[in-house]
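Asker: Before we start, here is the structure in question, set down as structure tokens.
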DNA sequence: GTCAACCATTTTGTATACAAGAGATCAGCC
DNA sequence: GGCTGATCTCTTGTATACAAAATGGTTGAC
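Given below as structure tokens:
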């Protein structure tokens with residue numbers, strides 16, 4: 772396979788997310804270089820970038836391996852994500868303008884459409900847009916960046932979560948409540964709802980653990 | 772100047788924090804290479820790492836410049852930092868063990884000593900240890916990492932803040948209350964106190980703005 | 001038979017040479 | 001005289017060659 776239109780970094784990242792590279796697997800620089808038809812230099816740069824966002828682990832003089840996050844680690848990441856999203860929701864409730872609200876409502880509608888046609892992949896995509904609309908409505912560009920970065924890092928696990936039975940319908944119903952709270956300007960309610968929406972707790976914790984074990 | 776014992780990345784980072792490289796200044800790869808007596812390759816790696824943590828901005832094919840954060844941007848960063856630290860405090864209140872509490876109390880004492888001798892630099896140092904003790908007591912390694920990363924990014928601005936008159940005494944008194952809440956296991960109180968401790972609000976906002984203008 | 005030390009091989013880190021794109025300058029045209 | 005376009009230079013991005021370090025195997029001794 773040779774390099775496509777996307778950047779090398781995205782190429783390797785995709786390989787990790789799709790399971791082409793297994794967690795714990797050693798990433799050999801020359802192998803990657805030949806595989807993507809480039810030299811070691813851009814491969815190293817891509818690996819460093821992936822290391823910076825935590826997708827792979829780079830140990831000096833000892834190479835790079837795909838990060839294998841244990842269940843408790845993933846749980847912690849969702850815990851932090853929940854708090855950041857809750858914060859974004861609280862800010863959005865206070866600061867949103869008409870344009871923000873329109874984006875959020877539009878995204879909600881697309882989520883509903885995807886759910887109605889039982890299209891998990893489509894819902895996954897629309898769900899992302901919905902959450903991004905909230906980040907944007909927080910009017911804190913830094914918070915938005917942080918949320919996007921962490922969201923990206925959690926992407927593979929999030930995808931697994933939606934596969935759980937009924938999760939899509941639950942998620943959609945929660946979205947509705949969240950939008951309501953934001954529209955009403957109820958910051959604390961938006962914070963509370965988003966925290967619970969993201970956090971992995973109760974039954975969902977078990978679901979996550981078992982999905983990681985496969 | 773030639774490279775010292777520290778890594779090249781720390782070297783350049785230090786140059787930015789100390790003002791050796793001004794915000795907005797262009798960082799030429801060959802200049803840095805000759806300055807530190809290495810080739811362009813390690814310089815590029817160091818720049819990429821600094822770009823990943825947001826200290827510099829890298830635009831493809833257009834080089835790297837030292838990030839210049841406007842006041843509102845810095846405000847947003849403190850806003851997020853406050854929320855993360857508040858979260859760490861809340862978790863610490865619930866999860867801390869004897870060893871955690873001992874570390875926190877020891878750090879608090881060192882803060883008191885530094886404040887007693889009116890040593891701002893020393894207080895700055897001890898303050899960092901105090902906050903790190905709380906991160907650690909949260910028993911969430913991911914949250915701890917996120918806090919450390921953001922703390923590092925905010926380091927230059929934090930330093931400016933302590934210069935404000937009476938801030939050290941205020942900070943110390945707040946530390947006492949925070950420790951009390953954590954020791955009592957009052958998560959919500961710890962969250963509330965830490966959020967206010969970090970956040971830049973009221974008079975402190977003006978202080979920050981003016982310190983950025985110098 | 002097992003353990004340890006040394007050497008070879010593999011792999012990362014660095015330097016330098018080359019290619020390609022972006023910005024500046026100068027010239028020609030309107 | 002101002003604006004637009006082409007060329008030229010300077011800088012970034014990539015490839016390859018070289019150096020240094022870590023790992024693994026092999027051999028020798030106990």
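Protein chains in written order, with our numbering: chain F, 772 to 985; chain H, 772 to 985. Glycine residues also receive a C-beta, built at the ideal position from the N, C-alpha and C atoms. Note that the coordinates shown come from a computational prediction; the quantities given were computed from them, not determined experimentally.
Tell whether a beta-carbon distance below 8 Å holds between residue 814(H) and residue 800(H).
Answerer: Looking up residue 814(H) in the second chain gives position 43. Looking up residue 800(H) in the second chain gives position 29. Yes; because the gap between Cβ atoms is below 8 Å, this pair is in contact.
Asker: Closer than 8 Å by C-beta to residue 791(H): which residues in its own chain qualify, once you throw out the five before and the five after it? Chain order, please.
Answerer: By 1-based counting over the second chain, the position of residue 791(H) is 20. 785, listed in sequence order.
Asker: Are residue 914(H) and residue 864(H) close, meaning C-beta to C-beta below 8 Å?
Answerer: Residue mapping note: residue 914(H) aligns to position 143 of the second chain, counting from 1. Residue mapping note: residue 864(H) aligns to position 93 of the second chain, counting from 1. No, these two residues do not count as a Cβ contact at 8 Å.
Asker: Following the continuous beta strand (DSSP E) through residue 830(H), name the residue where it begins and the one where it ends.
Answerer: Against the second chain, residue 830(H) aligns to sequence position 59. From DSSP, the beta strand (DSSP E) with residue 830(H) extends over 827-830.
Asker: How many angstroms separate the CA atom of residue 852(H) from the CA atom of residue 969(H)?
Answerer: In the second chain, the residue the question calls residue 852(H) occupies position 81. In the second chain, the residue the question calls residue 969(H) occupies position 198. So the alpha carbons of these two residues sit roughly 7 Å apart.
Asker: I need the straight-line Cα distance from residue 838(F) to residue 818(F), nearest angstrom please.
Answerer: Here residue 838(F) is taken as the residue at index 67 of the first chain, counted from 1. Here residue 818(F) is taken as the residue at index 47 of the first chain, counted from 1. If you take the alpha carbons of residue 838(F) and residue 818(F), they lie about 12 Å apart.
Asker: Please report the distance separating the alpha-carbon of residue 718(H) from that of residue 823(H).
Answerer: Here chain H comprises residues numbered 772 to 985, so residue 718(H) is not present and cannot be evaluated.
Asker: Measuring straight from C-alpha to C-alpha, what distance separates residue 888(F) and residue 894(F)?
Answerer: Taking the first chain and counting its residues from 1, one reaches residue 888(F) at position 117. Taking the first chain and counting its residues from 1, one reaches residue 894(F) at position 123. Each residue's alpha carbon lies about 9 Å from the other.
Asker: With a threshold of 8 Å between beta-carbons, can residue 814(H) be considered close to chain F, or not?
Answerer: In the second chain, residue 814(H) corresponds to position 43, counting from 1. Output row for residue 814(H): interface = no.
Asker: So who's on the other strand from residue 835(F), going by DSSP bridges?
Answerer: The sequence position of residue 835(F) within the first chain is 64, counting from 1. Per DSSP, 798(F) and 829(F).
Asker: Rounded C-beta distance between residue 862(F) and residue 910(F)? I'm assuming under 8 Å.
Answerer: Position 91 of the first chain, counted from the first residue, corresponds to residue 862(F). Position 139 of the first chain, counted from the first residue, corresponds to residue 910(F). Between residue 910(F) and residue 862(F) the Cβ distance is about 7 Å, and since that is below 8 Å, they are a contact.
Asker: Would the region 896-911 of chain H and the region 912-926 of chain F be scored as touching if the rule is three or more Cβ pairs under 8 Å?
Answerer: By the C-beta criterion, the region 896-911 of chain H is judged not to be in contact with the region 912-926 of chain F, since fewer than 3 inter-stretch pairs fall below 8 Å.
Asker: So, is residue 897(F) buried or exposed, given that buried needs 16 or more other C-beta atoms within 10 angstroms?
Answerer: For the purposes of this step, residue 897(F) is identified with residue 126 of the first chain, where counting begins at 1. Buried.
Asker: Quick one: list the residues of chain F neighbouring residue 912(H), beta-carbon separation under 8 Å, in chain order.
Answerer: If you number the second chain from 1, residue 912(H) lands on position 141. Neighbours of residue 912(H) on chain F, chain order: 844 and 847.
Asker: Going along chain H, which residues have a C-beta under 7 Å from residue 971(F)?
Answerer: For the purposes of this step, residue 971(F) is taken as the residue at position 200 of the first chain. Neighbours of residue 971(F) on chain H: none; closest Cβ ~13 Å, over 7 Å.
Asker: At a CB distance below 8 Å, what residues from the region 844-877 of chain F approach chain H? Give them in sequence order.
Answerer: 844, 847, 848, 850, 851, 854, 855 and 858
Asker: Around the Cβ of residue 962(F), are there at least 16 other Cβ atoms within 10 angstroms (buried) or fewer (exposed)?
Answerer: Looking up residue 962(F) in the first chain gives position 191. It is buried - the Cβ of residue 962(F) has at least 16 other Cβ atoms within 10 Å.
Asker: Kindly indicate the opening and closing residues of the alpha helix (DSSP H) around residue 792(H).
Answerer: One-based indexing of the second chain puts residue 792(H) at position 21. Where residue 792(H) is concerned, there is no enclosing alpha helix (DSSP H), given that its DSSP letter is neither H nor E.
Asker: The alpha helix (DSSP H) with residue 946(H) in it runs from where to where?
Answerer: As a position in the second chain, residue 946(H) is number 175, starting the count at 1. Run containing residue 946(H): 938-955, per the alpha helix (DSSP H) assignment.
Asker: Mind checking if residue 820(H) is an interface residue toward chain F, Cβ cutoff 8 Å exclusive?
Answerer: Translated into positions along the second chain, residue 820(H) becomes position 49. Interface residue, yes.
Asker: With distances taken Cα to Cα, identify the nearest neighbour of residue 904(F) among 927(F), 925(F), 877(F) and 804(F).
Answerer: Counting from 1 along the first chain, the entry for residue 904(F) is found at position 133. Closest by alpha carbon: 877(F).
Asker: Is the beta carbon of residue 798(H) less than 8 Å from the beta carbon of residue 836(H)?
Answerer: Working through the second chain from its first residue, we reach residue 798(H) at position 27. Working through the second chain from its first residue, we reach residue 836(H) at position 65. In terms of Cβ geometry, residue 798(H) and residue 836(H) form a close pair [threshold 8 Å].
Asker: Would you mind working out which of 834(H), 816(H), 971(H) and 906(H) sits nearest residue 831(F), comparing C-alpha positions?
Answerer: To locate residue 831(F), count along the first chain from 1; it is residue 60. Here the closest residue by C-alpha is 816(H).
Asker: Should residue 953(F) and residue 840(F) be called a contact, given that it needs their Cβ atoms to be closer than 8 Å?
Answerer: Residue mapping note: residue 953(F) aligns to position 182 of the first chain, counting from 1. Residue mapping note: residue 840(F) aligns to position 69 of the first chain, counting from 1. Not closer than 8 Å, so no.
Asker: Let me know if residue 854(H) comes out buried or exposed under the rule of 16 or more other beta-carbons within 10 Å of its beta-carbon.
Answerer: As a working note, residue 854(H) is residue 83 in the second chain. With 16 or more other Cβ atoms inside 10 Å of its own Cβ, residue 854(H) counts as buried.
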